[in-house]
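Sequential numbering from 149 applies to the sequence shown in my numbering.
Glycine included, C-beta positions come from ideal geometry on N, C-alpha and C.
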Amino acid sequence: MRTILIVFTAFAVSLVSLGATEDDHTDANVFGHVVSAGDGEHIPFINVLIEGTRIGTITDASGHYILTNLPEGRHTLVVRGMGYEPASVEFEIRANQTLEVDVEVYYRGIDLEEIIVTASPTASGFRYQPDMAYTGEMLQKRTEVSFGEMLNHSPGIAMRSLGSSPARPVIRGMDGDRILLLENGERMGDISETSADHSIALDPLVASRVEVVRGPASLLYGSSALGGVINLMTTDIPDRWDPGSSGVVSLQGATMNRMGAGFGRYTWGNDDFAFTGRIAHRQSSDIRTPDGVLPGTSMNNYDGSLGLGFDRGGRAGGLSLSMANQTYEIPENIDDPDEGVEIRMQRQALQGRMGFVNDGFMDRGQIRFNASRMFQQEIEYEWEDGVVDEDVELEYEKYAFSSTLTMQHKPFEFFDRGAVGVNLHGHRMDVGGDEAYTPGEMRFNLGVFTFQEIPLSSKMRLQAGLRIDYQHTGALSNEFFPDISARRNAVNYSGSIGFNHRPLDELEIGGQFARSHRNPSVEELYADGPHLGAGVYEIGNSNIKDEVGQGADLFIRWDDGIFDIELAGFVNHFMNYIIFEPTGDVDPASGFPVFRYNGDEARLMGFELSGSVRLHDNVQLGVGADYVDGRRFANGTEYLPFIPPFRFMADLEYDFGQGWIGGRLVSAASQGRVAPEEEETDGYTLLGFTAGYRLTGPGRHVIILRVDNILDQRYRDHLSRVAERNFPMPGRNFTLAYRLFF
Numbered sequence: 149m150r151t152i153l154i155v156f157t158a159f160a161v162s163l164v165s166l167g168a169t170e171d172d173h174t175d176a177n178v179f180g181h182v183v184s185a186g187d188g189e190h191i192p193f194i195n196v197l198i199e200g201t202r203i204g205t206i207t208d209a210s211g212h213y214i215l216t217n218l219p220e221g222r223h224t225l226v227v228r229g230m231g232y233e234p235a236s237v238e239f240e241i242r243a244n245q246t247l248e249v250d251v252e253v254y255y256r257g258i259d260l261e262e263i264i265v266t267a268s269p270t271a272s273g274f275r276y277q278p279d280m281a282y283t284g285e286m287l288q289k290r291t292e293v294s295f296g297e298m299l300n301h302s303p304g305i306a307m308r309s310l311g312s313s314p315a316r317p318v319i320r321g322m323d324g325d326r327i328l329l330l331e332n333g334e335r336m337g338d339i340s341e342t343s344a345d346h347s348i349a350l351d352p353l354v355a356s357r358v359e360v361v362r363g364p365a366s367l368l369y370g371s372s373a374l375g376g377v378i379n380l381m382t383t384d385i386p387d388r389w390d391p392g393s394s395g396v397v398s399l400q401g402a403t404m405n406r407m408g409a410g411f412g413r414y415t416w417g418n419d420d421f422a423f424t425g426r427i428a429h430r431q432s433s434d435i436r437t438p439d440g441v442l443p444g445t446s447m448n449n450y451d452g453s454l455g456l457g458f459d460r461g462g463r464a465g466g467l468s469l470s471m472a473n474q475t476y477e478i479p480e481n482i483d484d485p486d487e488g489v490e491i492r493m494q495r496q497a498l499q500g501r502m503g504f505v506n507d508g509f510m511d512r513g514q515i516r517f518n519a520s521r522m523f524q525q526e527i528e529y530e531w532e533d534g535v536v537d538e539d540v541e542l543e544y545e546k547y548a549f550s551s552t553l554t555m556q557h558k559p560f561e562f563f564d565r566g567a568v569g570v571n572l573h574g575h576r577m578d579v580g581g582d583e584a585y586t587p588g589e590m591r592f593n594l595g596v597f598t599f600q601e602i603p604l605s606s607k608m609r610l611q612a613g614l615r616i617d618y619q620h621t622g623a624l625s626n627e628f629f630p631d632i633s634a635r636r637n638a639v640n641y642s643g644s645i646g647f648n649h650r651p652l653d654e655l656e657i658g659g660q661f662a663r664s665h666r667n668p669s670v671e672e673l674y675a676d677g678p679h680l681g682a683g684v685y686e687i688g689n690s691n692i693k694d695e696v697g698q699g700a701d702l703f704i705r706w707d708d709g710i711f712d713i714e715l716a717g718f719v720n721h722f723m724n725y726i727i728f729e730p731t732g733d734v735d736p737a738s739g740f741p742v743f744r745y746n747g748d749e750a751r752l753m754g755f756e757l758s759g760s761v762r763l764h765d766n767v768q769l770g771v772g773a774d775y776v777d778g779r780r781f782a783n784g785t786e787y788l789p790f791i792p793p794f795r796f797m798a799d800l801e802y803d804f805g806q807g808w809i810g811g812r813l814v815s816a817a818s819q820g821r822v823a824p825e826e827e828e829t830d831g832y833t834l835l836g837f838t839a840g841y842r843l844t845g846p847g848r849h850v851i852i853l854r855v856d857n858i859l860d861q862r863y864r865d866h867l868s869r870v871a872e873r874n875f876p877m878p879g880r881n882f883t884l885a886y887r888l889f890f
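This is how it looks when you write it as structure tokens:
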């Protein structure tokens with residue numbers, strides 16, 4: 149650890165030295181302050197440059213700057229900073245002269261569309277690890293049944309699937325509890341992370357923006373963020389609105405599963421308040437594959453919410469109340485059409501948010517919360533003589549709460565604007581049913597954290613953060629675990645240091661070294677029985693310790709307006725990595741394969757490539773690739789299970805203003821790097837087509853046609869959890885989507 153810090157610091161210092169300028173000893177100096185034209189406040193850590201030269205600096209915490217030994221003659225002093233209009237002042241200077249030049253800048257606000265707020269509590273816009281955001285038309289083009297399918301084939305993101313409804317994203321080979329799904333910045337309170345048959349309690353049509361942070365994010369979000377964070381953002385609490393009425397209507401249909409979906413949102417607001425409401429419905433039949441229908445993959449889901457937002461007197465926020473009702477099947481008894489497994493889930497949630505601005509050192513803050521109740525049943529049904537017999541095999545009832553208070557402070561000394569915060573989250577989950585294979589769980593977590601940035605020059609800055617968590621976990625007894633009373637208490641810490649360097653306007657280099665942790669779930673500790681929905685017999689390990697990870701990320705991005713290319717590499721080393729691995733045995737009573745949870749030292753490493761090239765004013769070529777290598781560390785030849793293969797993606801799009809037309813290629817290599825008793829999968833290549841048309845008039849209309857798997861290619865995805873592995877993934881699919889904004 150010490151060696152890594154020394155190397156990291158030496159690298160940062162060497163990068164800073166690249167921006168050094170020669171000292172010509174003219175003793176021609178200029179100094180002054182950069183101030184806000186609106187209120188006269190001094191602006192700290194903003195770039196001050198001499199146009200046409202490499203001479204520059206940044207203002208200090210008081211907004212003061214000084215440039216020494218300038219060449220004689222006439223110069224233009226340029227001031228640039230995020231959130232401010234560029235400003236310039238001309239001056240003339242002679243040798244042995246010192247001038248005072250103050251510069252006023254106008255605040256224009258920060259374009260949050262370009263900033264991944266999930267990765268930074270201050271929204272500074274500087275990146276220390278790879279991230280991405282989908283919003284607007286980009287989000288509409290990727291419209292899908294689930295967030296797993298929507299984000300699949302993005303660089304670094306694959307999909308764990310058991311049919312369409314419970315599909316969930318996988319980041320860098322990690323899924324489940326290691327990928328934290330947030331709703332508007334807080335934990336959702338569903339159980340999608342616990343098993344492949346559990347779905348995300350939100351319809352993709354509802355999301356207005358999706359942010360993805362790849363790599364450890366325990367600093368801001370605590371346990372369960374080892375692999376990354378996905379923030380599903382909605383406008384259930386209005387944050388920006390125009391006075392009067394506005395809204396959106398969306399329709400979607402697909403042929404692969406005869407799916408139909410609809411969504412509508414209406415918002416009315418005045419200068420201070422806004423009210424909004426939404427409703428969504430999605431229904432489908434079973435998935436069709438090149439081999440025929442995959443039974444047990446239908447769905448019938450509802451979603452709705454009401455919300456209030458306000459913005460007045462330095463205070464902005466609101467409340468929303470939402471509900472979700474999902475009913476979907478699991479492909480369990482594929483060979484018997486009279487038997488099946490159906491999951492029924494209901495969730496109610498109350499969300500709140502308030503941001504405020506104060507005088508003094510801690511001048512900005514925000515508090516958020518999400519309180520929810522979720523009830524889910526896994527039902528085994530059998531048709532006999534036209535009558536259905538249902539048994540509740542597994543039942544969950546979960547009450548959850550998640551809240552974060554973040555306070556930002558003004559720049560001081562050598563620190564830029566930073567943040568300190570408190571995060572509280574916990575839940576109570578009772579487990580019942582005829583085949584309750586785990587006890588219930590009570591969990592409480594309290595964390596405090598700080599996030600700081602240190603500008604070293606106009607082109608280089610460091611980031612540092614620390615978080616301390618206290619967690620209590622307790623098992624709750626039920627019919628099958630009547631005597632259990634196990635308790636676990638732990639204090640963990642997470643930390644990160646990072647850098648961001650921009651030696652050229654077109655070039656950005658960033659990196660981060662982070663320590664993260666994850667507490668084992670109740671399934672990993674105490675499971676012992678058949679899990680009907682997942683189709684496996686699970687065996688836990690009560691001796692498993694907390695996972696602790698140390699990881700490094702490095703990315704390089706070049707963006708000159710024609711080429712926009714980013715290459716990212718990562719390595720993560722884990723102590724006590726909890727592995728859900730097949731044993732090769734079959735439980736004689738249920739007929740399910742036996743899987744066991746074990747902890748071991750492990751390493752995951754790989755890379756991601758994403759880029760686009762503007763071939764013409766209206767033609768763009770996009771490329772992407774990713775690769776993950778996951779192995780047990782003690783035995784470097786034994787691979788981890790459920791690691792996605794190498795993938796390559798490419799797309800070509802022509803945008804003619806009124807619309808667009810394009811094609812897409814996705815190619816995955818064969819996956820032979822598998823764990824013992826895990827099956828290998830062959831490679832495949834898929835072709836797709838997309839077209840869209842934009843209409844204006846009363847409102848704004850967008851029509852999208854997309855064709856996936858044009859050639860009806862038969863293939864198996866390595867991360868599919870369908871029990872009958874010979875069943876392929878979906879075949880050719882036509883999707884038609886329409887969206888109206890008014």
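- The shortest CA-to-CA distance from G229 to any of N783, P846, S606 and I687 is the one to S606.
- Bridge partners of W416 according to DSSP: S393 and F423.
- Taking 8 Å as the upper bound for CB-CB distance, P314 and A344 are in contact here, some 6 Å apart.
- Uninterrupted beta strand (DSSP E) stretches at least 3 residues long and entirely within the segment 305-388 occur at 305-308, 316-319, 327-331, 357-362 and 376-381, given in chain order.
- For R812, the CB contacts under 6 Å within the same chain, skipping 5 residues up- and downstream, are D799 and G836 in chain order.
- Between Y276 and G658, the C-beta spacing is below 9 Å.
- Taken in chain order, the unbroken stretches of beta strand (DSSP E) that lie wholly in the segment 502-535 and span 3 residues or more are 510-532.
- For Q819, no beta strand (DSSP E) run applies, since DSSP gives it neither H nor E.
- Beta-bridge annotation (DSSP): D777 is paired with M753.
- The DSSP-derived three-state label of T829 is strand.
- The three-state reading of DSSP puts V696 in strand, counting E and B together.
- Under the Cβ criterion (8 Å, minimum of three pairs), the segment 401-421 does not count as touching the segment 726-738.
- Partner residues in a beta bridge of Q861, as assigned by DSSP, do not exist.
- Check the Cα spacing between R436 and each of F890, Y886, P668 and N881: the tightest is with N881.
- The beta-carbon separation of F711 and V771, rounded to 11 Å, does not stay under the 8 Å limit for a contact.
- In this structure the segment 840-855 does not lie against the segment 363-377, because fewer than three pairs of beta carbons, one per stretch, are closer than 8 Å.
- Ranked by how close their Cα comes to the Cα of Y775, the residues R326, S815, E528 and D279 have S815 in first place.
- M577 has K546 and E589 as its beta-bridge partners, per DSSP.
- By the C-beta density criterion, I214 is exposed, having fewer than 16 other C-beta atoms within 10 angstroms.
- Between the segment 513-527 and the segment 325-337, the count of C-beta pairs closer than 8 Å reaches three or more; the two stretches touch.
- Taking the Cα positions, T201 is about 34 Å away from H557.
- Annotation for M723: the continuous beta strand (DSSP E) segment containing it runs F711 to V734.
- The criterion of a C-beta distance shorter than 9 Å is not satisfied by L788 and R795.
- Around the C-beta of A737, fewer than 16 other C-beta atoms lie within 10 Å, and the residue is accordingly described as exposed.
- Close CB contacts of P391 within its chain, under the 7 Å cut and outside five residues either way in sequence, are with G417, N418 and D419 (chain order).
- CA-to-CA, the gap between A623 and L610 works out to about 42 Å.
- In this structure, V397 places its C-beta atom within 9 Å of the C-beta atom of R887.
- According to DSSP, S236 shares a beta bridge with V226.
- For the set R501, N766, G831 and F875, the Cα lying nearest the Cα of I385 is the one of R501.
- Beta-bridge partners assigned by DSSP to V293: none are found.
- For Q611, the secondary structure class from DSSP, reduced to helix, strand or coil, is strand.
- DSSP lists G810 and R854 as the beta-bridge partner residues of T838.
- The beta carbon of S236 sits closer than 6 Å to those of T224 and V226, all from its chain and outside the five residues before and after it, given in chain order.
- The bridge partners DSSP lists for A682 come to none.
- G534 counts as exposed, since fewer than 16 other C-beta atoms from the protein chains shown sit within 10 angstroms of its C-beta.
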